[in-house]
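To start, the structure itself, in structure tokens.
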Amino acid sequence: MINTTHEAVMVDEVLENLVSKQNGKYIDCTFGAGGHSLKILKKLNQDGTLIALEKDKLATLTLSTEFTDDKRFNLINDSFSNLNKLFKDGEIDGILIDLGISSTQLDDPERGFSFQSNGPLDMRIDTSQGQTAAEWLNSATKKEIEDVLWTLGEERASRKIASKICDSREKKPIESTKELSDLIISCVYKRSKKHPATNSFRAIRMFINQEIYELQCALEAASYILCCGGRLAVISFHSMEDRIVKRFFQGKDRIGSNIKFKYFKEKYLKPTKNEMSTNPRSRSAILRVAEKI
Ligand SMILES: C[S@@+](CC[C@H](N)C(=O)[O-])C[C@H]1O[C@@H](n2cnc3c(N)ncnc32)[C@H](O)[C@@H]1O
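Using the working numbering, read the sequence shown as starting at 149 and increasing by one per residue.
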């Protein structure tokens, strides 16, 4: 296993806009390597509390003493889509959701998230349940694969890639990230510096982990468990996720709640030029913070 550390993005912006009460009760929905959590704990006083959620049990196997020795901190290995089962209505002052996966997960070939190194085609965030990307790709219909690549990846060659996957698996199941990546490369005309498999890998990961559905559940639940004036901060890394967050704050596409939010200061924030140059992964980040009214 490769041990790359994850550098938290837009930390100053999150602290400044999210944490308004030093004795408040906060949730970090996406603990990852704990970068945001640690800074939030530093900003809270002795009466403040932070509960962190993390779906990936492997990410939290060894916690540093900064967390284990801090009585104000509690970690729950669960999905943020279960927020409504874990907390009561109106009890939370602020919630952070930092979407996607961490560099640690991406850079570990065994997790199967990356086309940059070869590994088993897994892509599950929670490796204890659900089907792997390989299991899905070797059993889904051509139309199902095409739809996922098109709707979640906006991949123009979705039809061609889906056909090639189905032809290829007739001869031998697709089992590794390299096999999938090579197959995609042979279908996609390279137009930019972006790796031809970028969109498809992201789409398959989002499908395997039901990321859009989980985000919608979390936003909805957050609207109930936040107190009045409580803040919700979401960092997204691509336009589809950001559109969902933006429309949610506008009161659109709600599943049930009609609780209103208003933006706290700006509609959205981007990383500083300095952060983008020191942490290239932050370049596509967009942070929206809104207050429950
Ligand atoms: C971008 S990383 C967060 C990094 C973190 N903010 C930090 O400072 O290290 C996203 C994390 O969210 C986790 N995750 C993804 N979907 C989740 C979900 N539905 N519920 C809880 N955690 C989730 C991933 O496993 C990953 O560790």
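The C-beta atom is built at its ideal place from N, Cα and C for all residues, glycine as well.
Residue i by DSSP, collapsed to three states: which one?
{"i": "Ile-383", "result": "strand"}
{"i": "Cys-376", "result": "strand"}
{"i": "Lys-291", "result": "helix"}
{"i": "Gly-242", "result": "strand"}
{"i": "Lys-203", "result": "coil"}
{"i": "Tyr-337", "result": "coil"}
{"i": "Phe-261", "result": "coil"}
{"i": "Asp-315", "result": "helix"}
{"i": "Ser-276", "result": "coil"}
{"i": "Phe-396", "result": "helix"}
{"i": "Thr-153", "result": "coil"}
{"i": "Gly-182", "result": "coil"}
{"i": "Phe-235", "result": "coil"}
{"i": "Glu-368", "result": "helix"}
{"i": "Thr-210", "result": "coil"}
{"i": "Gly-301", "result": "helix"}
{"i": "Asp-330", "result": "helix"}
{"i": "Val-159", "result": "helix"}
{"i": "Gln-358", "result": "coil"}
{"i": "Val-167", "result": "coil"}
{"i": "Lys-188", "result": "Note on residue identity: the sequence assigns Ile, not Lys, to residue 188. Ile-188: helix per DSSP, three-state reduction."}
{"i": "Ser-348", "result": "helix"}
{"i": "Lys-308", "result": "helix"}
{"i": "Pro-247", "result": "Correcting the residue type first, residue 247 is Leu in the shown sequence and not Pro. Coil at Leu-247, not helix or strand."}
{"i": "Ser-430", "result": "helix"}
{"i": "Asn-406", "result": "coil"}
According to DSSP, what are the bridge partners of residue i?
{"i": "Phe-221", "result": "Leu-198"}
{"i": "Leu-435", "result": "Ile-383, Leu-417"}
{"i": "Pro-268", "result": "Ser-324"}
{"i": "Lys-173", "result": "Thr-197"}
{"i": "Tyr-411", "result": "Ala-438"}
I'd like the list of long-range same chain contacts for residue i, defined as Cβ closer than 6 Å, with 5 residues on each side in sequence excluded.
{"i": "Arg-436", "result": "Val-382, Val-393, Tyr-416"}
{"i": "Ala-305", "result": "Cys-335, Val-336"}
{"i": "Gly-278", "result": "Arg-272"}
Quick one: residues in its chain with C-beta nearer than 7 Å to the C-beta of residue i, no 5 flanking neighbours on either side, listed in chain order?
{"i": "Lys-173", "result": "Thr-197, Glu-239, Ile-240, Asp-241"}
{"i": "Leu-254", "result": "Phe-261, Ser-262"}
{"i": "Asn-427", "result": "Glu-155, Val-157"}
{"i": "Glu-323", "result": "Pro-268, Leu-269, Ala-282"}
{"i": "Ser-384", "result": "Leu-247, Asp-390, Val-393, Ile-434"}
{"i": "Lys-410", "result": "Ala-438, Glu-439, Ile-441"}
{"i": "Cys-365", "result": "Ser-229"}
{"i": "Ala-370", "result": "Leu-231, Ile-243, Leu-380"}
{"i": "Asn-193", "result": "Gln-170, Asn-171"}
{"i": "Ile-332", "result": "Ile-309, Pro-344, Ala-345, Ser-348"}
What residues in its chain sit with their C-beta under 8 Å from that of residue i, if we drop five residues either side in the sequence?
{"i": "Gly-321", "result": "Checking the sequence shown, residue 321 turns out to be Pro, not Gly. Only Ala-282, Asn-286 meet the Cβ criterion."}
{"i": "Asp-237", "result": "Tyr-372, Ile-373"}
{"i": "Met-149", "result": "Annotation note: pLDDT 45 at Met-149 (below 50); position unreliable, no value reported."}
{"i": "Ala-207", "result": "Phe-179, Gly-180, Ala-181, Ser-250, Thr-252, Gln-253"}
{"i": "Cys-375", "result": "Gly-238, Glu-239, Ile-240, Asp-241, Lys-440"}
{"i": "Arg-429", "result": "Glu-155, Val-157, Ser-251"}
{"i": "Asn-165", "result": "Arg-379, Ala-381, Phe-412, Lys-413, Leu-417, Leu-435, Val-437"}
Query raised in the report: Three or more C-beta pairs closer than 8 Å, one from the stretch 399-406 and one from the stretch 258-269: is that the case here?
Result: These segments do not touch.
Requested in this report: Spell out a yes or no on whether the stretch 343-354 and the stretch 295-302 are touching, meaning 3 or more CB-CB pairs, one atom from each, closer than 8 Å.
Outcome: yes
Query raised in the report: For the stretch 173-187 against the stretch 199-208, are there 3 or more C-beta pairs whose distance is under 8 Å?
Result: yes
Query raised in the report: Touch check for the stretch 220-236 and the stretch 310-326: three-plus C-beta pairs under 8 Å?
Result: no
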